[in-house]
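*Asks:* Numbering (the working numbering), first residue to last: 1111 to 1689.
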């Protein structure tokens, strides 16, 4: 039997690979199957190049080419929608589909069973064991796996995870803390710990491999001071003996850290420690976070401090108080402000339903209103962060991958957009050489065929504001909202914003002020110059003046990609030598 396991990445602008999308469950499944060679169970995965960079249609074709008997999806809040779409295509092709992961729970059971043939709630390793031992594989009762027997021989599979220098060691399952907004601890399972001798054997393999970053997986690493100190001592010794430094990451409660533990963290290789304050409006919590951050900083460790926007009872003013206090305490640059997600099967969701609070029914389950805050208030808080402290949550990027970037020169090349395989792509389009209807038709077909993708269109419009073309393109781009669009909705300040499909308009620097202002009311605008090498000095000075006046930048093409030639801040970018 051939089982193909798939876990799609966190969506966002990334290249060439999505950091953190490592299919740990697939490694566990291969480990389990290796213990039963007589069963003829083959566990396979697609290459990272396909999983992380290909669109849904290309992933479907890659799966079909492998001819699997079962395709197992790991469902998380960020990939459930895409996984469902691919699963439906596979079912039409007669391939059995299975789903597991945090999104498989009683709250989603009815919807998911329409999309997948098999649902498994609980630890996925039990599902693999059931297949190997010919037991029932449709599980509605949460199943648990013990770490120590599971990870026997795990060190031999470390090389399977080091494609980009990242490896994982799972130290604990189960959490003693039951935060109302967290889905992890909802099953109240007992704590299962990896034996530290077993941990040492696995870690030793990491220090003698190509591992650069090691994630230590546990709900709270420093739950036990004794165990945490022993673990850090092991890592410190391995680092010294091997002469190899690995950057360590893990979740812990920073307020529990002693000075000795902080010193050990530094010696072991922790460069960054993330901890959650969560609540807004309490200045004393900010002061405590600042104190912890300074203690970590003295040991050479950078803090990442998390807050949540939208918890019941907390309002817009509470957010402003916390943001201002963080700036005053000089920790704002280390802070993240997350829009509250009301996850299924959590005490928080039950509370929201009982009190009539509004939240999204589907991923990412964002809170929309409570007794103290509205969606508009949440947008205002993100706007406050950006305007008052230049702290933006709106992702923008200049496309840097020539392989997935297109510069069509005729209608044939424009229509080739339909057949691209990339999940994230870009296009520079000179509207002066195309009829507007051709552009609209091509992009309507393109987005309709690949609604899940990320795409940035750089549209050159010359000296005239082609408002109808721009308006129609924006309508096409917002027709299909992705998980990423919903996730970013709280930090979007404009109606009908698309975050996954972005339109950036380029104008000739000689466009008159009236046309330019009209254009800027419709879209994000920059200037564009085709040939910077032959600009006269007066022409260059004029472009620089206009960029400063309108606070926009000027771009050109370099090796086929749009690059900034002149920034609005007044810096002429050094041109790379053309190849």
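Quick reminder that beta carbons are idealized off the backbone N, C-alpha and C, glycines included.
With H, G and I counted as helix, E and B as strand and the rest as coil, what does DSSP make of residue 1581?
*Replies:* For the purposes of this step, residue 1581 is taken as residue 471 along the chain shown, with counting starting at 1. In this structure, residue 1581 counts as helix in the three-state DSSP scheme.
*Asks:* Here's a check: name, in chain order, each residue in its chain whose Cβ is nearer than 6 Å to the Cβ of residue 1317, leaving out the five neighbours to either side.
*Replies:* As a working note, residue 1317 is residue 207 in the chain shown. For residue 1317, where only same-chain residues beyond five positions count, the Cβ hits under 6 Å are 1348, 1352, 1354.
*Asks:* Enumerated in chain order, which unbroken segments of the beta strand (DSSP E) with a length of 3 residues or greater are wholly contained in the segment 1436–1498?
*Replies:* Taking only runs of at least 3 residues, the beta strand (DSSP E) segments lying wholly in the segment 1436–1498 are 1445–1449, 1477–1479.
*Asks:* With the cut-off set at 8 Å, would you say residue 1458 and residue 1432 are in Cβ contact?
*Replies:* Within the chain shown, numbered from 1, the residue matching residue 1458 stands at position 348. Within the chain shown, numbered from 1, the residue matching residue 1432 stands at position 322. Against a cut-off of 8 Å, the Cβ pair of residue 1432 and residue 1458 comes out as no contact.
*Asks:* Would the segment 1589–1598 count as touching the segment 1622–1632 if we require 3 or more Cβ pairs under 8 Å?
*Replies:* No, the segment 1589–1598 is not in contact with the segment 1622–1632.
*Asks:* In terms of residue numbering, what span does the alpha helix (DSSP H) encompassing residue 1532 cover?
*Replies:* Start at 1 with the first residue of the chain shown, and residue 1532 comes out as number 422. Where residue 1532 is concerned, there is no enclosing alpha helix (DSSP H), given that its DSSP letter is neither H nor E.
*Asks:* Could you check where the alpha helix (DSSP H) with residue 1272 kicks off and where it finishes?
*Replies:* Counted from its first residue, the chain shown places residue 1272 at position 162. That residue, residue 1272, is in no alpha helix (DSSP H); it is neither H nor E in DSSP.
*Asks:* In chain order, what residues of the same chain have a beta carbon less than 6 Å from the beta carbon of residue 1345, not counting five sequence neighbours either side?
*Replies:* On the chain shown, position 235 is the one that residue 1345 refers to. Same-chain partners within the cutoff: 1378.
*Asks:* State yes or no: is the C-beta of residue 1114 within less than 8 Å of the C-beta of residue 1178?
*Replies:* As a working mapping, residue 1114 is identified with position 4 in the chain shown. As a working mapping, residue 1178 is identified with position 68 in the chain shown. Yes, Cβ-Cβ distance for residue 1114 and residue 1178 is below 8 Å.
*Asks:* I'd like to check one pair, residue 1330 with residue 1422: are the Cβ atoms closer than 8 Å?
*Replies:* Along the chain shown, one-based indexing puts residue 1422 at 312. Along the chain shown, one-based indexing puts residue 1330 at 220. Result no, Cβ atoms of residue 1422 and residue 1330 do not sit closer than 8 Å.
*Asks:* Going by other Cβ atoms of all chains shown within 10 Å of its Cβ, with 16 needed for buried, is residue 1147 buried or exposed?
*Replies:* In the chain shown, residue 1147 corresponds to position 37, counting from 1. Residue 1147 comes out exposed.
*Asks:* Between which residues of its own chain and residue 1143 is the CB-CB distance below 6 Å, once the five residues before and five after are set aside?
*Replies:* As a first step, residue 1143 is located in the chain shown; it is residue number 33 there, counting from the start. The answer, listed in chain order, is 1151, 1153.
*Asks:* Does DSSP put residue 1388 in a helix, in a strand, or in coil?
*Replies:* The residue given as residue 1388 occupies position 278 in the chain shown. Note: residue 1388 maps to strand in three-state DSSP.
*Asks:* Can the beta-carbon of residue 1530 be found less than 8 Å from the beta-carbon of residue 1553?
*Replies:* Sequence index remark: in the chain shown, residue 1530 carries index 420 (1-based). Sequence index remark: in the chain shown, residue 1553 carries index 443 (1-based). Cβ distance not < 8 Å, so residue 1530 and residue 1553 don't count as in contact.
*Asks:* Run the CB neighbour count on residue 1133, radius 10 Å, all protein chains shown included, and call it buried at 16 or more, exposed below.
*Replies:* Along the chain shown, one-based indexing puts residue 1133 at 23. Classification for residue 1133: buried.
*Asks:* Figure out for me which residue from 1367, 1614, 1155 has the closest Cα to the Cα of residue 1401.
*Replies:* Counted from its first residue, the chain shown places residue 1401 at position 291. When only C-alpha atoms are compared, the closest one is 1367.
*Asks:* Considering only C-alpha positions, which residue in the set 1521, 1471, 1412 is nearest to residue 1440?
*Replies:* To locate residue 1440, count along the chain shown from 1; it is residue 330. Cα-wise, what sits closest to residue 1440 is 1412.
*Asks:* Here's the rule I'm using: 16 or more other beta-carbon atoms within 10 Å means buried, otherwise exposed. How should residue 1216 be labelled?
*Replies:* Residue mapping note: residue 1216 aligns to position 106 of the chain shown, counting from 1. It counts as exposed.
*Asks:* Please determine if the segment 1200–1212 and the segment 1164–1177 are in contact, where contact requires at least 3 C-beta pairs separated by less than 8 Å.
*Replies:* Short answer: they touch.
*Asks:* Using alpha carbons as the reference points, say which of 1542, 1501, 1270 lies closest to residue 1521.
*Replies:* Residue numbering aside, residue 1521 sits at position 411 when the chain shown is read from its first letter. Residue 1521 has its Cα closest to that of 1542, out of 1542, 1501, 1270.
*Asks:* For the beta strand (DSSP E) containing residue 1349, name the first residue and the last one.
*Replies:* Against the chain shown, residue 1349 aligns to sequence position 239. That residue, residue 1349, is in no beta strand (DSSP E); its alpha helix (DSSP H) goes 1335–1352.
*Asks:* Have a look at 1445, 1483, 1447, 1443 and flag the residue whose alpha-carbon is nearest the alpha-carbon of residue 1462.
*Replies:* Within the chain shown, residue 1462 is the residue found at index 352, counting from 1. The shortest Cα separation from residue 1462 among 1445, 1483, 1447, 1443 belongs to 1483.
*Asks:* Have a look at the DSSP bridge pairing and note the partners of residue 1638.
*Replies:* Along the chain shown, read from residue 1 onward, the residue named residue 1638 stands at position 528. Answer by DSSP bridge pairing, in chain order: 1665.
*Asks:* Tell me which same chain residues have a C-beta within less than 6 Å of the C-beta of residue 1691, skipping the five on either side of it?
*Replies:* Coverage of the chain is limited to positions 1111 through 1689, which leaves residue 1691 absent and any answer about it impossible.
*Asks:* Using a Cβ-Cβ distance cut-off of 8 Å, determine whether residue 1390 contacts chain B.
*Replies:* The chain labelled as chain B is not found in the depicted structure, where only one protein chain is given.
*Asks:* Is the beta carbon of residue 1303 less than 8 Å from the beta carbon of residue 1339?
*Replies:* Locating residue 1303 in the chain shown gives position 193, where the first residue counts as 1. Locating residue 1339 in the chain shown gives position 229, where the first residue counts as 1. Contact flag unset, no.
*Asks:* Under 7 Å Cβ to Cβ from residue 1689, same chain only, skipping five residues before and after it: list those, please.
*Replies:* By one-based count along the chain shown, residue 1689 stands at place 579. Since pLDDT at residue 1689 reaches only 30, below the 50 mark, its modelled position is unreliable, and no value is offered.
*Asks:* Exposed or buried, which one is residue 1259 when buried takes at least 16 other CB atoms within 10 Å?
*Replies:* The sequence position of residue 1259 within the chain shown is 149, counting from 1. Flag for residue 1259 reads exposed.
*Asks:* In this structure, does DSSP put residue 1313 in helix, strand or coil?
*Replies:* Translated into positions along the chain shown, residue 1313 becomes position 203. Residue state, collapsed to three classes: helix.
*Asks:* Is it buried or exposed for residue 1111, if we count other Cβ within 10 angstroms and need 16 for buried?
*Replies:* By one-based count along the chain shown, residue 1111 stands at place 1. By the 10 Å Cβ count, residue 1111 comes out exposed.
*Asks:* Work out the CA separation of residue 1493 and residue 1369 for me, nearest whole Å.
*Replies:* Position 259 of the chain shown, counting from 1, holds the residue named residue 1369. Position 383 of the chain shown, counting from 1, holds the residue named residue 1493. Answer to the nearest angstrom: the Cα atoms are 38 Å apart.
*Asks:* At what residue ranges does the segment 1536–1602 contain a whole run of the beta strand (DSSP E), taking only runs of 3 or more?
*Replies:* Counting whole runs of 3 or more residues, the segment 1536–1602 contains the beta strand (DSSP E) stretches 1564–1570.
*Asks:* Would residue 1358 and residue 1380 qualify as a contact pair, given that the criterion is a beta-carbon distance under 8 Å?
*Replies:* As a position in the chain shown, residue 1358 is number 248, starting the count at 1. As a position in the chain shown, residue 1380 is number 270, starting the count at 1. Yes.
*Asks:* Look up residue 1265 in the DSSP assignment and say whether it is helix, strand or coil.
*Replies:* Your numbering for residue 1265 matches position 155 in the chain shown. Residue state, collapsed to three classes: helix.
*Asks:* Apart from the five residues just before and just after residue 1406, which ones in its own chain have a Cβ nearer than 7 Å to its Cβ?
*Replies:* Here residue 1406 is taken as the residue at index 296 of the chain shown, counted from 1. If we look at residue 1406 and ignore the five residues flanking it on each side, its Cβ neighbours are 1372, 1383, 1413.
*Asks:* Taking residue 1641 as the reference, give the member of 1666, 1376, 1654 with the closest Cα.
*Replies:* The sequence position of residue 1641 within the chain shown is 531, counting from 1. Comparing Cα-Cα distances from residue 1641 to each of 1666, 1376, 1654, the minimum goes to 1666.
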